[in-house]
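My numbering runs 86 ahead of the 1-based position in the sequence shown. Note that the Cβ used here is the ideal one computed from N, Cα and C, for glycine as well. Worksheet: the structure to be examined is printed underneath.
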Amino acid sequence: MNYELSPETGTPAALAAASPTSKSASTPVPRRVGRFAQTRKTRAMRAVFAGLCKYAPTVAAHLAFGLLARPPRPDVRDWHVLLRKRSLHRKLTCGANELSVYEWGHGPAILLVHGWGSHATHMGRMVQPLVDAGYRVIAFDAPAHGFSSGRTTDLVEFARSIAAVAANAGSLHAIVAHSFGAAMALYAARDWGVDTRKMVLISTFEHFNWFLDAFADQVGLSPAVMQRVRDMQVQRYGGRLDWSRMSVVDMARNAGLELLVIHDQDDKEIPVAHGLAVAGAAPRACFRGTRGLGHQLVVRNAAVITHVVDFVSGKAQGHAAR
């Protein structure tokens with residue numbers, strides 16, 4: 087049986103069994119999903135794209151391509167700044183990008199991978215507990231995120247950056263990743279040579295096409311124009327990017343890793359059905375559900391962090407979500 091990690095006390099409580107079968111294909115995209123919020127700006131963009139998709143679809147596709155590649159910049163809190171100051175900070179060259187990399191502690195390496203429109207210290211509440219457990223924690227700002235260079239990025243650049251940081255770190259004991267970063271971690275492991283023993287996937291989605299569909303829904307792109315955007319991304323990398331192979335469920339199934347999948351029942355950005363689908367597909371995965379934390383607070387919850395530390399330390403194996 088799966089159990090819930092209570093956000094109030096951290097005490098395991100029974101969580102009703104849920105089918106791991108994906109329902110996201112028929113589930114409407116939430117009003118806020120994948121870092122694409124329904125704001126005054128996005129409502130204005132919907133009005134613009136409505137006309138462009140109808141009368142100038144090529145222009146619409148090029149504008150959407152550029153917009154999709156530009157991640158939002160979140161607010162950075164004081165404790166994020168202090169955590170960075172406590173780190174061993176270095177710059178790492180990755181192609182045309184200079185990545186900001188941060189490191190704390192000593193021991194086997196654990197890599198934190200943030201989501202789209204986030205930054206290295208978004209999962210910073212996990213750093214000290216992992217250091218106290220005897221690990222060296224590494225985090226980085228992906229291209230066009232945080233203090234790394236660039237104003238635009240994409241899936242391939244993001245994956246390359248994970249691979250570069252992982253190679254620079256040496257042997258990885260585990261990867262802990264959130265949201266878009268969780269899907270990217272599996273992609274980097276499959277196609278970019280990232281090797282690790284364990285992964286913790288928090289608030290992941292089940293297919294990269296869903297992420298693109300969420301973007302299309304938020305800005306009001308027609309399916310035909312969104313397909314042009316997909317084709318432009320494939321052409322940019324000479325076929326290296328194949329959307330038919332971008333199922334996160336399949337990546338998890340074939341990864342051969344110990345996986346811990348964590349997802350909140352009240353996540354309004356990425357429905358919990360996605361996490362259940364990913365966990366249910368992987369033979370060495372366990373699923374842990376939470377309630378009342380949503381998409382962002384889950385990475386700062388004390389009970390969740392304790393379970394992450396126990397999992398990477400081999401103290402908690404969990405039960406398969408099957």
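DSSP state of R163 mapped onto helix, strand, coil: coil
L258 and L346: beta carbons closer than 8 Å? no
If you draw a straight line from the C-alpha of K284 to the C-alpha of N295, how long is it? 25 Å
Beta-carbon separation (whole angstroms), H148 vs M209, contact threshold 8 Å: H148 to M209, Cβ: 34 Å. No contact.
Heavy atom of the ligand HEM within 7 Å of H192 beta-carbon: With respect to the ligand HEM, the structure shown offers nothing to examine, as it has no ligands at all.
With DSSP run on the structure shown, which of helix, strand or coil describes L346? In the displayed model, L346 falls within a strand according to three-state DSSP.
Status (buried if at least 16 other CB within 10 Å, exposed otherwise) for T290: Burial is judged here by how many other beta carbons sit within 10 angstroms of a residue's own beta carbon; T290 has at least 16 and is buried.
Where I391 falls: helix, strand or coil (DSSP): In this structure, I391 counts as helix in the three-state DSSP scheme.
Taking the DSSP output, what are the residues bridged to D352? According to DSSP, D352 bridges with nothing at all.
Counting pairs of beta carbons, one from the stretch 152–166 and one from the stretch 245–253, are three or more of them closer than 8 Å? No: fewer than three Cβ pairs fall under 8 Å.
Use the C-beta contact count for A268: other C-beta atoms within 10 angstroms, 16 or more gives buried, fewer gives exposed. buried
Counting only beta-carbon atoms, is W202 nearer than 8 Å to chain C? In the structure shown, chain C does not exist; there is a single protein chain.
Cα-Cα separation between N387 and L153, rounded to whole angstroms: Whole-angstrom Cα-Cα distance: 32 Å.
Rounded to the nearest angstrom, what separates L138 and Q304 at their Cα positions? 15 Å
Excluding the 5 residues preceding and the 5 following T238 in the sequence, name in chain order all residues of the same chain whose CB lies nearer than 6 Å to its CB. Closer than 6 Å at the Cβ level, and outside the excluded window around T238, lie A155, R156 and A230.
Kindly give me the distance between the Cβ atoms of A310 and P143, rounded to whole angstroms, as I take these residues to be in contact under 8 Å. 7 Å
Same chain, Cβ closer than 7 Å to V395, neighbours up to 5 away in sequence not counted: P215, L216 and A219.
For M212, three-class secondary structure by DSSP: helix
Quick one: using the 10 Å Cβ neighbour count with 16 as the cut-off for buried, is A271 buried or exposed? buried
Just checking my contact of G380 with D350 at CB under 8 Å: how many whole Å lie between their CB atoms? 6 Å
Pairwise C-alpha distance: Y273 and M318: 20 Å
Three-state secondary structure (DSSP) of M318: If DSSP states are grouped into helix, strand and coil, M318 belongs with the helices.
Contact check, L327 vs V242, beta carbons under 8 Å: yes
Quick check: the Cα distance between E189 and M212, rounded to an integer number of angstroms? Looking at the two C-alpha atoms, the distance is approximately 13 Å.
Between L169 and T128, which are expected to be in contact by the criterion C-beta below 8 Å, what is the C-beta distance as a whole number of angstroms? Rounded, the Cβ-Cβ distance is 31 Å, inconsistent with contact.
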